[in-house]
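Written out below as structure tokens is the structure these notes cover.
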Amino acid sequence: MRALLLITALISVLLISCEKDTNETLLYVGTYTDAGSEGIYCYQFDERTGDLSLKSITENKENPSFLAISPDKKYLFAVSEVKESPGIDSGSVTSYRISASGELNKINQKPTKGYHPCHVAVSPDGRFVVASNYSSGSLSLFEVNDDGGLTDCFQQIQHTGSGPDSARQKAPHAHSAQFSFSGEVLVSADLGTDKVEFYRFNQAANKFEEAEQAFLNMTPGAGPRHFDFSPDGKFIYVMNEMHSTVSVLEKTGDTFDLIQTLSSLPTDFVGSNSGADIHVSSDGRFVYSSNRGHNSIAVFERDDKGRLTLVETEPVVGDWPRNFTISPDGNYLLVANKKSNNITLFDIDAELGMLTYTGKSLEVPRPVCLEFLVR
């Protein structure tokens with residue numbers, strides 16, 4: 025009887041092990057193509073070792089800088105961060121089908137009707153795609169067809185206004201937009217107007233309209249760039265590019281209020297810096313943001329009221345960290361260093377949230393955006 029139980033236990037372990045081995049983790053890398061990049065790179069990621077091995081390259085010479093993967097994991101959307109795509113009098117978004125091998129097969133490409141789209145996101149139900157046109161200060165909205173292709177842009181939302189910095193804030197610069205976890209609200213950060221803006225979809229009118237709270241004014245001259253939600257959706261954490269600060273927005277009822285802003289840099293730093301990306305850990309205990317110039321990842325700890333305390337700034341072992349991401353298992357943080365042409369890998373301390381460089385650095389030309397896919 026004891027032998028039978030032992031055999032049964034061993035079979036269970038083997039089955040679990042085999043099931044785990046069938047999961048494949050891919051990393052897609054969006055790039056700028058002005059200095060040797062061929063387009064979108066796909067790597068196999070080993071969650072046990074942190075190793076990355078190249079699987080495929082999708083040729084795209086139109087700055088496929090930012091990527092987003094559909095919730096059903098079947099499609100990938102990439103902006104072309106250019107003023108004009110070939111044959112298109114604007115930037116564009118391209119839809120790809122993700123093959124069984126991880127390779128990307130182009131479905132179609134649609135104009136954003138705006139210049140230099142620098143960010144793209146998909147709604148939680150996979151119905152909508154939104155692109156942020158930096159130079160035009162507008163959002164472009166598309167629906168996703170049954171085959172994963174995009175419709176023509178069915179709505180363009182034009183931001184208005186300016187900020188106090190006469191060099192960079194003469195006009196609106198939509199830098200990112202994301203849907204809330206419920207999909208009910210579309211949120212946008214505009215660097216040029218120092219605003220975070222809110223929209224809801226009107227089913228009857230088939231368009232997005234200003235929400236009850238149309239916008240929230242940020243600190244003048246801060247330049248909000250990217251943001252992320254807390255796991256419960258009650259807080260938004262905003263990376264302000266121009267001030268190198270992180271702002272905390274708290275939801276009360278249907279509106280958000282600015283409750284805290286703190287620097288992402290050490291107090292003794294002297295020099296120029298631009299804030300870039302920001303992410304909240306899956307357990308909601310930590311917030312990470314990237315500093316370009318200081319070339320570091322700032323690590324913040326969240327308290328039970330959503331406020332932040334700066335824990336450390338960890339060097340990225342590279343130059344000009346733009347987008348970064350946390351591995352699906354939460355064990356690693358990967359950084360795309362644009363100017364040094366590499367992706368660096370860090371261990372995450374599960375208890376303290378702090379980062380330790382693993383010694384692993386992958387050479388990739390002009391990396392900008394990192395997107396994981398587990399299937």
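Each position in the sequence shown, counted from 1, maps to that position plus 24 in our numbering. Glycine included, every Cβ here is placed at the ideal spot set by N, Cα and C.
I'd like to check one pair, E83 with E62: are the Cβ atoms closer than 8 Å? yes
Inter-stretch contact at 8 Å, needing at least 3 Cβ pairs: the region 141-150 / the region 66-82: no
At which residue ranges does the region 359-388 contain complete beta strand (DSSP E) runs of 3 or more residues, listed in the order of the chain? 366-372, 379-387
Pair every Cβ in the region 142-161 with every Cβ in the region 191-204, then say whether three or more of these pairs are closer than 8 Å. yes
Please state whether the Cβ-Cβ distance between P88 and S104 is less than 8 Å. yes
DSSP on I112, reduced to helix/strand/coil? coil
From R224, D307, Y65, residue whose alpha carbon lies closest to that of A360: Y65
What are the boundary residues of the beta strand (DSSP E) that includes H199? 198-203
Would you kindly work out how many angstroms separate the C-alpha atoms of S204 and G317, rounded to a whole number? 31 Å
Spatial distance of F259 from P244 (CA atoms): 21 Å
Taking the alpha-carbon positions, what's the S271 to G173 distance? 36 Å
Could you please give the first and the last residue of the uninterrupted beta strand (DSSP E) stretch that includes T337? 332-339
Can at least three beta-carbon pairs, one atom from the region 328-340 and one from the region 287-296, be found at a separation below 8 Å? yes
From what residue to what residue does the beta strand (DSSP E) around E19 run? There is no way to answer for residue 19, as the model of the chain reaches only from 25 to 399.
Alpha carbon of I40 to alpha carbon of N47, nearest angstrom: Annotation note: pLDDT 47 at I40 (below 50); position unreliable, coordinate value reported separately. When rounded, the distance between both Cα atoms is 11 Å.
Tell whether a beta-carbon distance below 8 Å holds between S159 and T136. no
Return the chain-ordered list of same chain residues with a C-beta closer than 8 Å to the C-beta of Y56, the five sequence neighbours on each side being excluded. N87, S89, E105, K362, R390, V392
By Cβ distance, which residues of its chain are closer than 6 Å to F324, with the 5 residues on each side in sequence left out? V311, L332, L334
By alpha-carbon positions, which one of S314, E387, F253, K329 ends up nearest to V304? F253
Expressed to the nearest angstrom, what Euclidean distance is found between the alpha-carbon atoms of E265 and R249? 6 Å
Less than 8 Å between C-beta atoms, sequence neighbours within five positions excluded: which residues of the same chain meet that for C177? K134, P135, T136, K137, S164, L165, F166
Could you please give me the residues that DSSP links to I350 through a beta bridge? L357
Buried or exposed for V388, please, with buried defined as at least 16 other CB atoms from any protein chain shown within 10 angstroms of its CB. buried
Residue environment, Y345, which counts as buried when at least 16 other CB atoms sit within 10 Å: Strictly speaking, residue 345 in this sequence is Pro, with Tyr absent from that position. Per the 10 Å Cβ criterion, buried.
Assigned exposure category for N230 - 16 Cβ within 10 Å defines buried: exposed
Can you give, in chain order, each stretch of the alpha helix (DSSP H) that sits fully within the region 293-319 and has at least 4 residues? none
Strictly by DSSP, which residues pair up with K85? For K85, which the question treats as bridged, DSSP gives no partner whatsoever.
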